[in-house]
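Beneath this line is the structure, given in structure tokens, with notes to follow.
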Amino acid sequence: MRAVMRTFAFVLVLAGLWGGSLAAANAQGAPAPNNPPPQGGGGHYSSNEILDAGHKFFGSVSRGLAQIVEKAGSQWGLPNGYVLGQEAGGAVVAGLRYGEGTLYTKNAGDLRVFWQGPSVGFDFGGGGARTMMLVYTLPATEAIYQRFAGIDGSAYFVGGLGMTALTANNMVVVPIRSGVGFRLGANVGYLKFTPKATWNPL
Numbered sequence: 023m024r025a026v027m028r029t030f031a032f033v034l035v036l037a038g039l040w041g042g043s044l045a046a047a048n049a050q051g052a053p054a055p056n057n058p059p060p061q062g063g064g065g066h067y068s069s070n071e072i073l074d075a076g077h078k079f080f081g082s083v084s085r086g087l088a089q090i091v092e093k094a095g096s097q098w099g100l101p102n103g104y105v106l107g108q109e110a111g112g113a114v115v116a117g118l119r120y121g122e123g124t125l126y127t128k129n130a131g132d133l134r135v136f137w138q139g140p141s142v143g144f145d146f147g148g149g150g151a152r153t154m155m156l157v158y159t160l161p162a163t164e165a166i167y168q169r170f171a172g173i174d175g176s177a178y179f180v181g182g183l184g185m186t187a188l189t190a191n192n193m194v195v196v197p198i199r200s201g202v203g204f205r206l207g208a209n210v211g212y213l214k215f216t217p218k219a220t221w222n223p224l
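Counting from 23, one number per residue, gives the positions in the sequence shown under our numbering.
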């Protein structure tokens with residue numbers, strides 16, 4: 023897996039290296055919690071559709087998925103896209119993630135995506151994870167190709183799964199992760215989505 027091969031070369035990154043990038047990314051701002059975007063329309067996925075896809079994807083470790091989807095829905099409404107993929111990452115206070123997968127939409131086709139990015143915080147561990155990302159207010163499939171900054175206080179863990187949230191230009195991406203070596207940390211960071219695999223997380 024290319025994500026694994028790209029991962030651990032950069033794991034021991036100093037927190038200060040990412041400070042400027044994180045500040046710039048966070049300057050994009052996040053939609054207000056508990057203020058969902060308008061719902062409805064044929065392009066959105068219902069909670070049942072997300073749960074069906076997630077249960078098939080995560081398998082036996084998906085027992086907390088319903089609560090996480092409900093939590094995300096109460097804040098951001100219905101997603102109009104989702105990503106299924108896998109990633110690898112590691113951290114000793116500062117760390118990195120690399121992943122790859124496919125963005126699925128109802129009426130705009132599917133798109134191959136890669137992602138990478140740093141995290142800084144109380145975060146230790148490493149390993150691979152299956153990752154499902156819910157995508158809200160995506161205007162076009164190619165709009166995923168940018169940097170999404172972490173939303174403070176968005177971490178949520180239940181039943182072996184973990185959820186965080188990231189934002190860029192009024193879009194929200196909610197990664198839901200599970201896997202061996204799952205990193206349970208209160209970290210902040212960003213993910214940069216690209217059309218091709220790259221080592222550069224900036």
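Note that the Cβ used here is the ideal one computed from N, Cα and C, for glycine as well.
Between the beta-carbon of residue i and the beta-carbon of residue j, is there less than 8 angstroms?
i, j, result
"Ala162", "Ile173", "no"
"Gly139", "Gly81", "no"
"Ser68", "Leu100", "yes"
"Ala75", "Tyr120", "no"
"Thr226", "Met193", "Look at the range of the chain in this structure, 23 to 224, and you will see that residue 226 is not part of it."
Would you give the residue range spanned by the alpha helix (DSSP H) that residue i belongs to?
i, result
"Gly95", "87-98"
"Leu73", "69-80"
Three-state secondary structure (DSSP) at residue i?
i, result
"Gly198", "Residue 198 is actually Ile in this sequence, not Gly. Ile198: strand per DSSP, three-state reduction."
"Ala165", "helix"
"Ala219", "coil"
"Tyr212", "strand"
"Ala171", "strand"
"Pro101", "coil"
"Ala151", "strand"
Relative to the C-alpha of residue i, which candidate in the options has its C-alpha closest?
i, options, result
"Met155", "Ala88, Asn192, Gly123, Arg169", "Gly123"
"Ser176", "Thr159, Ala165, Ile166, Pro197", "Pro197"
"Ala165", "Ser96, Ser68, Arg119, Ala190", "Ala190"
"Gly95", "Val83, Arg134, Glu71, Thr216", "Glu71"
"Leu125", "Val195, Ser68, Ser200, Ala88", "Val195"
"Lys93", "Leu73, Gly103, Leu133, Glu109", "Leu73"
Identify the continuous beta strand (DSSP E) that holds residue i and give its terminal residues.
i, result
"Val83", "Val83 -> no beta strand (DSSP E), and no H or E assigned at all."
"Leu160", "It is not in any beta strand (DSSP E) - Leu160 carries neither H nor E in the DSSP assignment."
"Gly131", "Note, Gly131: premise wrong, no beta strand (DSSP E); not H, not E."
"Thr186", "No beta strand (DSSP E) contains Thr186, which DSSP labels as neither H nor E."
So, does the CB of residue i fall closer than 8 angstroms to a CB anywhere in chain B?
i, result
"Tyr104", "Absent from the structure: chain B. Only one protein chain is present."
Would the region 63-74 and the region 180-198 be scored as touching if the rule is three or more Cβ pairs under 8 angstroms?
Remark: fewer than three beta-carbon pairs, one from each stretch, lie closer than 8 angstroms, so the region 63-74 and the region 180-198 are not flagged as touching.
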